[in-house]
DNA sequence: TCTGTATTGAGAGCCATTGTCAAAACGGCG
DNA sequence: CGCCGTTTTGACAATGGCTCTCAATACAGA
Ligand SMILES: [Zn+2]
Ligand SMILES: [Zn+2]
Ligand SMILES: [Zn+2]
Ligand SMILES: [Zn+2]
């Protein structure tokens, strides 16, 4: 979902940022800042909640993680495989996600914006559902 | 963005609901519950904030208003012209919106969900930008 | 008008997220 | 390796949107 590859502002390497990075690398699903913080805590790696928020925020700005809003409006994060712009098919209950690209949709959004004279365009497109695994659990 | 036209649960007609309804009818842009509440207040029509939230919530559930999340995650509402499922081209600064339908996108999301075995699907697709009017104001 | 039920609203409460700011950690440089 | 200016951290307070509570009030049908 990143828009451009800006010159990532230089930053210091700290134990905390490394810890957040590690969790993101291990986690395939979209998770919230709170969840990430909880994982770090349970793991003994003391990292302040504010720091987790700040780190994720920065990473998101740099396009190093994808962000989207869960049902309740809570922001959830994920380190995606592909670097280029894409969208997601996300499980509402576990956060498992599939990355999907839709060239046609991209073209379409652009043409719509042009048609109505809107500039400085961006768009959000996410598909929510219940993944096969979660579907199996709820109705065995 | 409504999914289905369910048998709208019967409700009493109250002064407050009528007031909210009126504002929605007069307002073309997406507005937040807080903004709507402020309008009512400035207009002398005393309606509690909780009531505004409840009313909008119900209307959204019944598909009588469209909801989407603004940049900060705040929910914004709008009474749309078309009843059927559609999406929006929304101005980030004033909330002005254009309703757009994309049959192709609908088909595409469905096929993607099927492809990966996700069920109970729903999707969000909104285009954000600066409308012609706002663009003109910022760079005259 | 009378009555049973739906609705209201002021305020407390909830929860994600951000602001504060002194203390601690980095990293480059002698 | 120790010094030092700068960045980062984190405990805690503060926001802000939204929901909950529950006694008082307004509907609507009889
Ligand atoms: Zn992604
Ligand atoms: Zn896209
Ligand atoms: Zn609409
Ligand atoms: Zn659609």
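Chains as they are written, first to last, in the numbering used here: chain A, 227 to 366; chain B, 227 to 366. Here a beta-carbon is modelled for each residue, glycine too, at the ideal position from N, C-alpha and C.
Between the C-alpha atoms of residue 347 of chain A and residue 283 of chain A there is a straight-line separation of about 21 Å. Counting of Cβ neighbours within 10 angstroms places residue 330 of chain B among the exposed residues, the total staying below 16. Per DSSP, the beta bridge partners of residue 317 of chain B are B/355. Under DSSP, residue 292 of chain A takes part in a beta bridge, and its partners are A/304. Rounded to the nearest whole angstrom, the CA to CA distance from residue 270 of chain B to residue 293 of chain B is 26 Å.
With a threshold of 16 other beta carbon atoms within 10 Å, residue 355 of chain B meets it and is buried. Cβ proximity to chain B below 9 Å picks out nothing from the segment 269-280 of chain A.
Membership of residue 324 of chain A in any alpha helix (DSSP H) is not indicated; the residue belongs instead to the beta strand (DSSP E) covering 323-326. DSSP places residue 284 of chain A within a helical segment (H, G or I) once states are collapsed to three. In this structure, residue 306 of chain B lies away from residue 332 of chain B, with their beta-carbon atoms at least 8 Å apart. For the 8 Å CB-CB criterion, residue 353 of chain B and residue 327 of chain A do not form a contact. DSSP links residue 265 of chain B through a beta bridge to no other residue. Interface annotation for the segment 238-257 of chain B against chain A: empty, criterion Cβ-Cβ distance under 7 Å. For the pair residue 279 of chain A and residue 303 of chain A, the Cα-to-Cα distance works out to about 11 Å.
Residues close to ligand 4 by the beta carbon criterion (under 6 Å to any non-hydrogen atom) are, from first to last along the chain, B/311, B/313, B/331, B/332, B/349, B/351. For residue 342 of chain B, the closest of A/345, A/323, A/334 by C-alpha to C-alpha distance is A/323.
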